[in-house]
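Have a look at the structure below, then the notes.
2 protein chains.
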Amino acid sequence: MKSGRPRTFDTEKALDRAMYTFWRKGYYGTSIPDLTRAMSISRPSLYAAFGNKEALFAKVLDRYRSKPAAYLNEAIKEPTAKKVFEKLLLGAIDLQTDPANPGGCLFVQGALASGESNDAIRHELAARRASGEATIKLRFEQAVSEGDLPVGTNPADLAKFAATVVHGLAVQTAGGDEREDLLHVADLALRAFPN
Amino acid sequence: MKSGRPRTFDTEKALDRAMYTFWRKGYYGTSIPDLTRAMSISRPSLYAAFGNKEALFAKVLDRYRSKPAAYLNEAIKEPTAKKVFEKLLLGAIDLQTDPANPGGCLFVQGALASGESNDAIRHELAARRASGEATIKLRFEQAVSEGDLPVGTNPADLAKFAATVVHGLAVQTAGGDEREDLLHVADLALRAFPN
DNA sequence: TTAATTATATACCATTTAATACAGAATTAA
DNA sequence: TTAATTCTGTATTAAATGGTATATAATTAA
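These protein sequence lines are chains A and Z, in that order. Using my numbering, the letters of the first sequence map in sequence onto residues 191 to 385. Using my numbering, the letters of the second sequence map in sequence onto residues 191 to 385.
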């Protein structure tokens, strides 16, 4: 048994609250008081439980990827590359325009630009976006080897195209674009897909 | 003649310096000392000449749109909608990957998310992005009425697709993507264009 | 009970933030 | 010269930032 006074707050719930706050305001726009208020915990509790702002953000990114952004994992399970692509776009639109969520994508609007002091955050997010793109690329490579995609198709290019559209959708939804309009954008993007 | 001590700095050059700083660091990541250092002027001079940080940013946005982002105006002069689209993507890639510039697009990475205190900045940028999209939409409407685009083509959807790809490219370049790779993305996007 | 351990709350710290007050310097108009 | 005007530099302000020191409360192990 571990001794000591037990925590009076739920770590998972607190992380969720932190996630939505960072999602809405970005890393810079979120202050420690913003976080403690949203998480309903005291400042020292935050530092004791999560390290510091940067460490908390990293935990939040993990959580974001494994919960709201899990549509990526679902998408690559589709039987054909085209369906993978389709599900990717629809999943992104659903997530980013869900009224229960802040608009946009945490990996995009967390921090696209920064002063030298927080370069680390920006690079961390770029790396996470690149990781998603790499996952898609692997799936498309598989599709090529299975004959599901035409010979000569470049999986890396196709994956980067998918990532570009998804990230573009994130900018659009951050600006308040409507789900219905973005579904038409997805339809158009699908026409670029090789048959 | 206007009397008084003359300015010892060039307003245009100072605005350029401010533009690159905001472009690289975003609105939040840029502090007033960052600006005064880059512009080589004192703090009170900045306030006297440009108002405050927000007003300076607005002037910088105008400048960005009329200089580096003027490729939009060039693109819509192309004779066909497809060429407009092509030039739009190539122009965006050229601008965003020019080694002389910070990566990405100021209208995108200036501020995608924010705390309540600076909602105004975020909305201002969203409005400027929407304005660009509206310009493209007008051009595509013209193309439809000229018979350059197939009947039934929705200019609004096509314009939003173009904006989405351009903004997606901005996210990619902010993350360090290479020009060569993004040209392939542009090729793919072009395949979605109606003939 | 006692000791050890862990969480909480108040209060605080140094630094940085955007923004200004004020005095002096440089110019034009009369 | 004189007055009016405008810019510049130093110094300062109040508020907000991320991060802690310290004391106390609550639990387990002995």
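Here a beta-carbon is modelled for each residue, glycine too, at the ideal position from N, C-alpha and C. Because the structure is a prediction, the values reported are computed rather than measured.
Going along the chain, which residues of its own chain have a beta-carbon closer than 7 Å to the beta-carbon of residue i, five neighbours each way excluded?
{"i": "Ala265/A", "result": "Val274, Lys277, Leu278 and Gly281"}
{"i": "Lys327/A", "result": "Pro345, Ala346 and Ala349"}
{"i": "Arg233/A", "result": "Ile222 and Thr226"}
{"i": "Arg369/Z", "result": "Ile283 and Thr287"}
{"i": "Gly337/A", "result": "none"}
{"i": "Ala204/Z", "result": "Met229 and Ile231"}
DSSP on residue i, reduced to helix/strand/coil?
{"i": "Ser307/A", "result": "helix"}
{"i": "Thr201/Z", "result": "helix"}
{"i": "Lys192/A", "result": "coil"}
{"i": "Asp206/A", "result": "helix"}
{"i": "Gly337/A", "result": "coil"}
{"i": "Pro292/Z", "result": "coil"}
{"i": "Ser232/A", "result": "coil"}
{"i": "Leu302/A", "result": "coil"}
{"i": "Phe383/A", "result": "coil"}
{"i": "Gly342/Z", "result": "coil"}
Over the uninterrupted alpha helix (DSSP H) stretch that includes residue i, give me the two end residues.
{"i": "Lys350/A", "result": "Pro345 to Ala364"}
{"i": "Asp224/Z", "result": "Ile222 to Met229"}
{"i": "Phe297/Z", "result": "Leu296 to Gln299"}
{"i": "Asp377/A", "result": "Arg369 to Leu380"}
Which term fits residue i, buried or exposed, when burial requires 16 or more other beta carbons within 10 angstroms of its beta carbon?
{"i": "Glu306/A", "result": "exposed"}
{"i": "Asn385/Z", "result": "exposed"}
{"i": "Asn308/A", "result": "buried"}
{"i": "Asp367/Z", "result": "buried"}
{"i": "Pro292/A", "result": "buried"}
{"i": "Pro196/A", "result": "exposed"}
{"i": "Pro258/Z", "result": "buried"}
{"i": "Ser193/Z", "result": "exposed"}
{"i": "Gly219/Z", "result": "buried"}
Just to confirm my understanding: we take residue i, look at its own chain, exclude 5 residues before and 5 after, and list those with CB closer than 6 Å. What are they?
{"i": "Phe383/A", "result": "Lys272 and Phe275"}
{"i": "Thr363/A", "result": "Gln286, Thr287, Gly293 and Gly294"}
Which same chain residues end up closer than 8 Å to residue i when comparing Cβ atoms and leaving out the 5 residues on each side of it in sequence?
{"i": "Glu323/A", "result": "Ala349, Lys350, Ala352 and Ala353"}
{"i": "Leu380/A", "result": "Lys272, Phe275, Glu276 and Leu279"}
{"i": "Tyr254/A", "result": "Met209, Trp213, Leu296 and Phe297"}
{"i": "Thr270/A", "result": "Ala333 and Asp338"}
### Task
Could you name each continuous beta strand (DSSP E) segment of 3 residues or more that falls completely within the stretch 239 to 280 of chain Z, going from the start of the chain to the end?
Unbroken beta strand (DSSP E) runs of no fewer than 3 residues, entirely contained in the stretch 239 to 280 of chain Z, are not found.
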